[in-house]
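Mapped onto this note's numbering, the consecutive letters of the sequence shown carry residue numbers 957 to 1378.
Ideal placement from N, C-alpha and C gives every residue a C-beta, glycine not left out.
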Amino acid sequence: MNDRAAGEFTGSPVSLYLHLPFCVRKCRYCDFLSGPYDAALRRRYLRALETEIRLSAETFGNERLSADTVFLGGGTPSLLDADELAHLMAVLSESFRILLGAEITMECNPGTVGREKLLAFREAGINRLSIGVQSFRDEELKLLGRIHTAEEARQCVLDARWAGFDNISLDLISALPGQNIGQWMESLREAVALAPEHISAYSLILEDGTPLKEAALEGKLPRLPDEDEDRKMYHETRSFLAEHGYHRYEISNYAKKGFESRHNSGYWTGHPYLGFGIGAASFYAGCRWSHTRSMTSYLQALESAGASAKSDGESLSSAEKATGHRYQEYAEVLESIYEEKEILSEKDRMAEFMFLGLRRMQGVSEAEFLRRFGRTMEEVYGPVLNRYQELHMLQREGGRIFLTERGIDVSNAVMADFLLDE
């Protein structure tokens, strides 16, 4: 890692991600690291998660890192009890300096919360909800394996407003089996009628190993919309949401002015982030690492670390920072739960700057590329840029390069061309 990479964001605020893998029932389309839980396993996991957060904070030296966004994902984080969430938020605040005005998001599924629970979440510090609606049609929810009805989804949004949430995002999925554009627009109209600040609209992807993919392979699903129908749904979505005050700021994300997801925007701009919990990923000072996906390995390592600290008469919640052999011990525990760790080469970082940045409608800044890498975009990517400009898939304007509507329709192919051979 060169000095430019190491120092790029060191000292800047970070984003924090907490993975809470438990759910009532795994949805038929989901390939995330999640599954049903029992109360005893949940308690063990939350204790291990607390230990990991505290150990990680200890290894960053005498100054607490600042955090400007926090995201609780899963799984279904809204399954947490109010007391469990309040304790988890207190652990974060003791371990990191959560900045005033930080965006603190929790993923929430209808059917897992009511008014009082949402109020407790708001009082614990959650200030943004990402509600997994997916559809406002009951037959589609059943096909997806969701645990809630359309009416429960509507009520969840109303309850969130009652609890004081003024930053709500709704997730929707288009191009479902048997779905036509009229049915998709029905869900979209229902979403807009609830006036959320943010809408994420994704096309269904049948992931390998999921029940929905298996059903498709066995011919047990209604016909899937073809590529042309999927693209028509996408363009109708963009136009309809624009008419109702939602601007598209990323390929699949729409927001009212000032309500763009700051946490996700950080991923697309190379902002440093630390992930906690099984399967979580981190990126800091030019280094990227991911956690074990094994619940058993995760619990064993962190339960052992917690027991060791207690037997030595130490408190992991102490404000004293680890020094000497204790620092080394903490670092070794954390290393034991990481499955992959890599120092990104300059070529890797340039490629990520391009293909992540191009997901945003404002695209990538030529001046920022030069500042980060000491080379112009033209020097590194001249032929690729010229080819896609000639094909009217990329546009250059005001020192920025961004995808055209035509480019968005084939965005994966365009972005792949920014991967550099070593």
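task = Provide the residue span of the alpha helix (DSSP H) that contains Phe-1329, from first to last.
result = 1322 to 1329 is the span of the alpha helix (DSSP H), which, as asked, contains Phe-1329.
inquiry  = Using C-beta distances below 8 angstroms, list every residue in its chain close to Leu-1375, excluding the 5 sequence neighbours before and after it, in chain order.
reply    = Contacts found: Ala-1307, Phe-1311.
task = For the segment 974 to 985 and the segment 1160 to 1168, state whether three or more C-beta atom pairs, one from each stretch, are separated by less than 8 angstroms.
result = In the pairwise beta carbon analysis, the segment 974 to 985 is classified as touching the segment 1160 to 1168: at least three pairs are separated by under 8 angstroms.
ask   = Looking at Ile-1137 and Glu-1192, is the spacing between their C-beta atoms short of 8 angstroms?
value = Yes; because the gap between Cβ atoms is below 8 angstroms, this pair is in contact.
inquiry  = If you reduce the DSSP assignment to three classes, tell me which class Asp-1127 lands in.
reply    = In the structure shown, Asp-1127 sits in a strand (DSSP, three-state: E or B).
query = Hey, Asn-1065 and Ser-1034 are a contact pair by Cβ (cut 8 angstroms); roughly how many whole angstroms apart?
reply = So it is a contact: roughly 6 angstroms between Cβ atoms.
Selected residue, minimal CA-CA separation from Arg-981, among Leu-997, Gly-1101, Leu-1056 = Comparing Cα-Cα distances from Arg-981 to each of Leu-997, Gly-1101, Leu-1056, the minimum goes to Gly-1101.
ask   = Looking at Tyr-1286 and Glu-1014, is the spacing between their C-beta atoms short of 8 angstroms?
value = Going by C-beta atoms, Glu-1014 is nearer than 8 angstroms to Tyr-1286.
task = Output the distance between the C-alpha atoms of Ala-1323 and Thr-1252, rounded to the nearest integer angstrom.
result = Between Ala-1323 and Thr-1252, the alpha-carbon positions lie close to 47 angstroms from each other.
query = DSSP state of Leu-1021, grouped into three classes?
reply = Reduced to three states, the DSSP call for Leu-1021 is coil.
key: Cβ contact (3+ pairs, closer than 8 angstroms) linking the segment 1292 to 1301 and the segment 1239 to 1246   = Yes, the segment 1292 to 1301 touches the segment 1239 to 1246.
ask   = Shortest alpha-carbon distance to Val-1069 belongs to which of Ala-1058, Leu-1085, Val-1366, Phe-1358?
value = Ranked by Cα distance from Val-1069, the options Ala-1058, Leu-1085, Val-1366, Phe-1358 are led by Leu-1085.
query = Does the pairing of the segment 1089 to 1103 with the segment 1122 to 1140 give three or more beta-carbon distances under 8 angstroms?
reply = They touch, by the three-pair rule.
task = Could you name the residues that DSSP lists as bridge partners for Trp-1245?
result = Beta-bridge partners of Trp-1245 (DSSP): Ser-1238, Lys-1297.
ask   = Nearest-angstrom Cα distance between Gln-1318 and Val-1366?
value = Cα to Cα, Gln-1318 sits roughly 17 angstroms from Val-1366.
ask   = Using the C-alpha atoms, what's the distance from His-1043 back to Ala-1023?
value = When rounded, the distance between both Cα atoms is 18 angstroms.
request  = Could you check what DSSP says for Gly-1138 in three-state terms: helix, strand or coil?
outcome  = Of the three classes helix, strand and coil, the one that applies to Gly-1138 here is helix, per DSSP.
ask   = Looking only at its own chain, which residues have a Cβ that is under 7 angstroms from the Cβ of Arg-998, when we skip the five neighbours before and after it?
value = For Arg-998, same chain residues with a beta-carbon under 7 angstroms away, outside a window of 5 residues either side, are Phe-978 in chain order.
ask   = In terms of residues, what are the limits of the alpha helix (DSSP H) holding Arg-1078?
value = Run containing Arg-1078: 1071 to 1080, per the alpha helix (DSSP H) assignment.
inquiry  = Checking the sheet assignment: what are the DSSP bridge partners for Ala-1211?
reply    = Ala-1211 is bridged to His-1154, His-1203.
Buried or exposed by the 16-neighbour rule on C-beta atoms within 10 Å, applied to Asn-1368 = Residue environment analysis places Asn-1368 among the exposed positions, since fewer than 16 neighbouring C-beta atoms fall within 10 angstroms of its C-beta.
inquiry  = According to DSSP, is Glu-1285 part of a helix, a strand, or is it coil?
reply    = Note: Glu-1285 maps to helix in three-state DSSP.
request  = Alpha carbon to alpha carbon, how far is Ser-1012 from Ser-1274? Give it in angstroms, no decimals.
outcome  = Residue placement at Ser-1274 is flagged as unreliable, the pLDDT there being 46, under the threshold of 50; a coordinate-derived value is accordingly withheld.
key: For Ser-1143, three-class secondary structure by DSSP   = Ser-1143: helix per DSSP, three-state reduction.
query = Taking the alpha helix (DSSP H) that Met-1371 falls in, what are its first and last residues?
reply = Run containing Met-1371: 1367 to 1372, per the alpha helix (DSSP H) assignment.
query = What three-state label does DSSP hand Met-957 in the structure shown?
reply = Note that Met-957 scores 36 on pLDDT, short of 50, meaning its location in the model is unreliable and no value can be drawn from it.
request  = Could you have a look at His-975 and say whether DSSP puts it in helix, strand or coil?
outcome  = Correct three-state label for His-975: strand.
query = Which residues in the same chain have their Cβ closer than 8 angstroms to the Cβ of Arg-1000, if we skip the five residues on either side of it in sequence?
reply = These residues qualify, in order along the chain: Leu-1255, Glu-1259.
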